[in-house]
Amino acid sequence: MDPSRPLLGRGAFLSSSAHAAAAIILIAFLLLTLLRLPLSPSISIYTPPPIASTPHHHLQHQDHEDQEQEDASSCDLSSPLDCADPRLFHLMMRSAIDAFPAVHFARFGRPVPGDPPSASCDMAWRARTNSSASASPTATTKDYRRFAIARDPHTCAYSVTSIGNYHSGPNARKPRPGASNATAAPPPPPLSRSQFAAATYLSYHGGGDRCKLMPHYMRSLLCALAEARYLNRTLVLDLSLCLAASYTAAGMPEEGKRLAFYFDIIEERQFWEDWDRWGAQGQLGLRLIEDTRVAPTKFSKAKDTLIVRKFGDVEPGNYWYHVCEGEAERVLPPPHHAIRLAPSLMSIVDDIISSMQQDFDSVHVGGSVGDLIERIGDGVDVGRQVYIAGEGINTVSMEVLKAKYNNLRYLDEFQRLWRKESKWFLEMKRLNGGVPVKFDGYMRELVDREVFLKGKKKVEVLQ
1 MDPSRPLLGR
11 GAFLSSSAHA
21 AAAIILIAFL
31 LLTLLRLPLS
41 PSISIYTPPP
51 IASTPHHHLQ
61 HQDHEDQEQE
71 DASSCDLSSP
81 LDCADPRLFH
91 LMMRSAIDAF
101 PAVHFARFGR
111 PVPGDPPSAS
121 CDMAWRARTN
131 SSASASPTAT
141 TKDYRRFAIA
151 RDPHTCAYSV
161 TSIGNYHSGP
171 NARKPRPGAS
181 NATAAPPPPP
191 LSRSQFAAAT
201 YLSYHGGGDR
211 CKLMPHYMRS
221 LLCALAEARY
231 LNRTLVLDLS
241 LCLAASYTAA
251 GMPEEGKRLA
261 FYFDIIEERQ
271 FWEDWDRWGA
281 QGQLGLRLIE
291 DTRVAPTKFS
301 KAKDTLIVRK
311 FGDVEPGNYW
321 YHVCEGEAER
331 VLPPPHHAIR
341 LAPSLMSIVD
351 DIISSMQQDF
361 DSVHVGGSVG
371 DLIERIGDGV
381 DVGRQVYIAG
391 EGINTVSMEV
401 LKAKYNNLRY
411 LDEFQRLWRK
421 ESKWFLEMKR
431 LNGGVPVKFD
441 GYMRELVDRE
451 VFLKGKKKVE
461 VLQ
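Using UniProt numbering, the first residue of the sequence shown is number 1, and each one after it goes up by one.
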């Protein structure tokens, strides 16, 4: 074929093909526009696997597993909450403000983990009070509550689902100054001779302060603490107690009690062992005082390592509190702030108060129930919740009172807090070497009095 010779009909064919292609493109564009299908520069086609090779229920199960793996990787709901997270802190503050519009918040404390730590945080706050009974226009009240926190399983976003009642968040409560946890203190490490001799000690030995009522024992204990503080010496005491007959069910005195059952005190068992090793042979100074009328001002400059006050056997002259009478009274004021209840008892007090209304009143009864019925209305607003304390308060007397006043509480209503298997019972059993401890009359009086003192308005009704 002659290459110079043009192909017949080639130009016409190309022209007609171009027109046909343009027409097809135009028709396709119109169809896509009418059907509102997306235009894309590339087309990908997905061909599903044959249904027979993968059953439908297997696909659903696999999708569920994939979703669980995705959720687990995005938010571990079992992990402890980060209560220090500023976002959560601000959310809890906003939730509290929205939940309690009548409360005038002054400031909030930092949240701390609650119980369980994976779903709750505790937060404390102070609020201003506008009560006319307040002594100061800027007086504040304290509260600490538990916030139930939920987390989104995908994003971990926080939400507050509920806020507990008054004092429901004890983990956010500020510890009392010098208070310790309700656990046994570890035994002190043995001291060297130089360490033992570097300190000075005051010991109270003997006396008639046994099997007495709690007010008597407290008076003597405060006097001993006052003298030790004045002399700047470590107080050494026999920490065993005798329970007065009036506090026991059998009506007989009961020996074998320990001071640590009642008060927040560290039991020092090592002292006399160290003294026998280094002091009993005359290596360290000892001064013996057998007359309670000798005031501490007479020997405040003494250099002896140990001063022993030895009390006789004749009552009532051998009571410890006589040391703080007469000439010594002006230098030995009783240090009431130095004695705190044992943490185990304070836990009961806190649980009772948390179950009461935020501002409850209290009445201490020192006379008969008849006297109380006649005088309770004189000092207490009967429209408010009232805690009734006193030795003579029991179920029978309270039924008489509730016939007239229906918003009253008293100690025996909270027996669940010290019954067998309660938190207090198990802790005391542990502290006592596995031997159960009874919630005795001393403890009742201490707890009852402490709850009374927590009342907003306190009334003493005496015989």
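No residue lacks a Cβ here, since even glycine has one placed at the ideal position from N, Cα and C.
Quiz item: Tell me which same chain residues have a C-beta within less than 8 Å of the C-beta of Thr297, skipping the five on either side of it?
Solution: Looking up residue 297 in the sequence shown gives position 297. Same-chain partners within the cutoff: Glu327, Ala328, Val331.
Exercise. Could you tell me the distance, in whole angstroms, from the CA atom of Ser355 to the CA atom of Trp320?
Key: As a position in the sequence shown, residue 355 is number 355, starting the count at 1. As a position in the sequence shown, residue 320 is number 320, starting the count at 1. Cα-Cα distance, rounded: 39 Å.
Quiz item: Contact check, Gly441 vs Tyr247 under 8 Å by CB: the rounded distance?
Solution: Here residue 441 corresponds to residue number 441 of the sequence shown, with the count starting at 1. Here residue 247 corresponds to residue number 247 of the sequence shown, with the count starting at 1. Right, their Cβ atoms sit about 3 Å apart.
Practice problem: Using only alpha-carbon positions, find the residue among Asp85, Glu460, Gly434 that is nearest to Cys121. | Solution: For the purposes of this step, residue 121 is identified with residue 121 of the sequence shown, where counting begins at 1. Of the listed residues, the one whose Cα sits closest to Cys121 is Asp85.
Quiz prompt | Proximity to Cys223 [Cα-Cα], best of Glu325, Met252, Tyr262, Gln385 | solution = Here the question's residue 223 lines up with position 223 in the sequence shown. Comparing Cα-Cα distances from Cys223 to each of Glu325, Met252, Tyr262, Gln385, the minimum goes to Glu325.
Self-check item: Through-space distance from Val437 to Pro253, alpha-carbon basis
Solution: Taking the sequence shown and counting its residues from 1, the one referred to as residue 253 is at position 253. Taking the sequence shown and counting its residues from 1, the one referred to as residue 437 is at position 437. Between Pro253 and Val437, the C-alpha separation is close to 16 Å.
Quiz item: Going along the chain, which residues of its own chain have a beta-carbon closer than 6 Å to the beta-carbon of Ser203, five neighbours each way excluded?
Solution: Residue mapping note: residue 203 aligns to position 203 of the sequence shown, counting from 1. Excluding positions up to five away in sequence, the list reads Val236, Val308.
Practice problem: Return the chain-ordered list of same chain residues with a C-beta closer than 7 Å to the C-beta of residue 477, the five sequence neighbours on each side being excluded. | Solution: This structure cannot settle anything about residue 477, because the visible part of the chain is limited to 1 through 463.
Quiz item: For the beta strand (DSSP E) that Tyr410 lies in, which residues bound it at each end?
Solution: Taking the first residue of the sequence shown as position 1, residue 410 is located at position 410. First-last of the beta strand (DSSP E) with Tyr410: 408-410.
Exercise. Figure out for me which residue from Ala338, Leu231, Cys242 has the closest Cα to the Cα of Lys301.
Key: Working through the sequence shown from its first residue, we reach residue 301 at position 301. Selected option, being the one with the closest Cα: Leu231.
Quiz item: Is Glu227 near Cys242, with beta carbons less than 7 Å apart?
Solution: Counting from one through the sequence shown, the residue named residue 227 turns up at place 227. Counting from one through the sequence shown, the residue named residue 242 turns up at place 242. No; because the gap between Cβ atoms is not below 7 Å, this pair is not in contact.
Exercise. Count the other CB atoms, across all protein chains shown, that sit within 10 Å of the CB of His167; report buried if there are 16 or more and exposed otherwise.
Key: Locating residue 167 in the sequence shown gives position 167, counting from the first residue. His167 comes out buried.
Self-check item: Boundaries (first-last residue) of the beta strand (DSSP E) holding Phe311
Solution: In the sequence shown, counting from the first residue as 1, residue 311 sits at position 311. Where Phe311 is concerned, the enclosing beta strand (DSSP E) stretches over 306-311.
Quiz item: Ends of the beta strand (DSSP E) at Phe425?
Solution: In the sequence shown, residue 425 corresponds to position 425, counting from 1. Where Phe425 is concerned, there is no enclosing beta strand (DSSP E), although the alpha helix (DSSP H) it sits in stretches over 423-431.
Quiz prompt | Rounded Cβ spacing between Val363 and Val349 (contact assumed at less than 8 Å) | solution = Taking the sequence shown and counting its residues from 1, one reaches residue 363 at position 363. Taking the sequence shown and counting its residues from 1, one reaches residue 349 at position 349. 17 Å between Cβ atoms; not a contact.
Self-check item: Own chain, CB closer than 7 Å to Arg219, minus 5 neighbours either side, in chain order
Solution: Your numbering for residue 219 matches position 219 in the sequence shown. So the qualifying residues of the chain are Tyr321.
Practice problem: Compute the Euclidean distance between the alpha carbons of Tyr262 and Leu341, then round it to the nearest angstrom. | Solution: To locate residue 262, count along the sequence shown from 1; it is residue 262. To locate residue 341, count along the sequence shown from 1; it is residue 341. One C-alpha to the other measures close to 6 Å.
Quiz item: For Val386, is the beta carbon positioned less than 6 Å from some heavy atom of the ligand MG?
Solution: The ligand MG is not among the ligands present in this structure, which contains no ligands whatsoever.
Practice problem: Assign Gln67 to one of two classes, buried (16 or more other C-beta atoms within 10 Å of its C-beta) or exposed (fewer than that). | Solution: Position 67 of the sequence shown holds residue 67. With a pLDDT of 42 at Gln67, under the threshold of 50, the modelled position of this residue cannot be trusted, and the question is left open.
Quiz item: Count the other CB atoms within 10 Å of the CB of Phe271; is the residue buried (16 or more) or exposed (fewer)?
Solution: Here residue 271 corresponds to residue number 271 of the sequence shown, with the count starting at 1. With 16 or more other Cβ atoms within 10 Å, it is buried.
Quiz item: How close, in whole Å, do the beta carbons of Arg126 and Ala106 come, if the pair is a contact with beta carbons under 8 Å?
Solution: Here residue 126 refers to the residue found at position 126 of the sequence shown. Here residue 106 refers to the residue found at position 106 of the sequence shown. The Cβ separation is near 4 Å, so the contact holds.
Quiz item: Hey, how far is the Cα of Leu91 from the Cα of Gln195?
Solution: Taking the sequence shown and counting its residues from 1, the one referred to as residue 91 is at position 91. Taking the sequence shown and counting its residues from 1, the one referred to as residue 195 is at position 195. Rounded to the nearest angstrom, the two C-alpha atoms are 53 Å apart.
Quiz item: Among Gln358, Thr161, Pro113, which has the Cα closest to the Cα of Ala148?
Solution: Sequence index remark: in the sequence shown, residue 148 carries index 148 (1-based). The residue with the shortest Cα to Cα distance from Ala148 is Thr161.
Quiz item: With DSSP run on the structure shown, which of helix, strand or coil describes Phe360?
Solution: Start at 1 with the first residue of the sequence shown, and residue 360 comes out as number 360. Correct three-state label for Phe360: coil.
Quiz item: Since Thr141 sits in a beta bridge, which residues does DSSP pair it with?
Solution: Along the sequence shown, one-based indexing puts residue 141 at 141. Ala127.
Quiz item: Three-state secondary structure (DSSP) at Gly256?
Solution: For this step, residue 256 is matched to residue 256 along the sequence shown. Three-state result, Gly256: strand.
Quiz item: According to the neighbour-count rule (16 or more other Cβ atoms, all chains shown, within 10 Å of its Cβ), is Phe299 buried or exposed?
Solution: For this step, residue 299 is matched to residue 299 along the sequence shown. Phe299 should be labelled exposed.
Quiz item: Under a three-way DSSP split, which group does Gly366 fall into?
Solution: Sequence index remark: in the sequence shown, residue 366 carries index 366 (1-based). In the structure shown, Gly366 sits in a strand (DSSP, three-state: E or B).
Quiz item: Between the C-alpha atoms of Leu431 and Ser344, what's the straight-line distance to the nearest angstrom?
Solution: Taking the sequence shown and counting its residues from 1, one reaches residue 431 at position 431. Taking the sequence shown and counting its residues from 1, one reaches residue 344 at position 344. Computed Cα separation, rounded: 10 Å.
Quiz prompt | Pro101 classed as buried or exposed, judged by whether at least 16 other C-beta atoms fall within 10 angstroms | solution = Numbered from its first residue, the sequence shown carries residue 101 at position 101. Burial call: exposed.
Quiz item: Going by C-alpha distance, which of Arg277, Trp278, Asp276, Thr305 is nearest Ser288?
Solution: As a first step, residue 288 must be located in the sequence shown, where it is residue number 288. Note that residue 288 is Leu in the sequence shown here, rather than Ser. Ranking Arg277, Trp278, Asp276, Thr305 by Cα distance to Leu288 puts Thr305 first.
Exercise. Ignore the nearest five residues each way along the sequence and tell me which others in Ile388's own chain have a CB closer than 6 Å to its CB.
Key: Translated into the one-based positions of the sequence shown, residue 388 becomes position 388. These residues qualify, in order along the chain: Val363, Leu408, Tyr410.
Quiz prompt | Cβ shell of Asn181 (< 7 Å), same chain only, five flanking positions each side left out | solution = Locating residue 181 in the sequence shown gives position 181, counting from the first residue. Note on Asn181: pLDDT 40, under 50, position unreliable in the model; the coordinate value appears next. Cβ neighbours of Asn181 beyond the five flanking positions: Pro343.
Quiz item: Over what stretch of residues does the beta strand (DSSP E) that includes Tyr204 continue unbroken?
Solution: Within the sequence shown, the letter at position 204 stands for residue 204. That run of the beta strand (DSSP E) goes 201-206.
Self-check item: Buried or exposed (CB count within 10 angstroms, at least 16 for buried), Gln62
Solution: Looking up residue 62 in the sequence shown gives position 62. With a pLDDT of 41 at Gln62, under the threshold of 50, the modelled position of this residue cannot be trusted; read the value that follows with caution. Under this definition Gln62 is an exposed residue.
Practice problem: Could you check which residue in Ala250, His205, Arg233 has the C-alpha nearest to that of Ser240? | Solution: As a first step, residue 240 is located in the sequence shown; it is residue number 240 there, counting from the start. The candidate whose alpha carbon is nearest that of Ser240 is His205.
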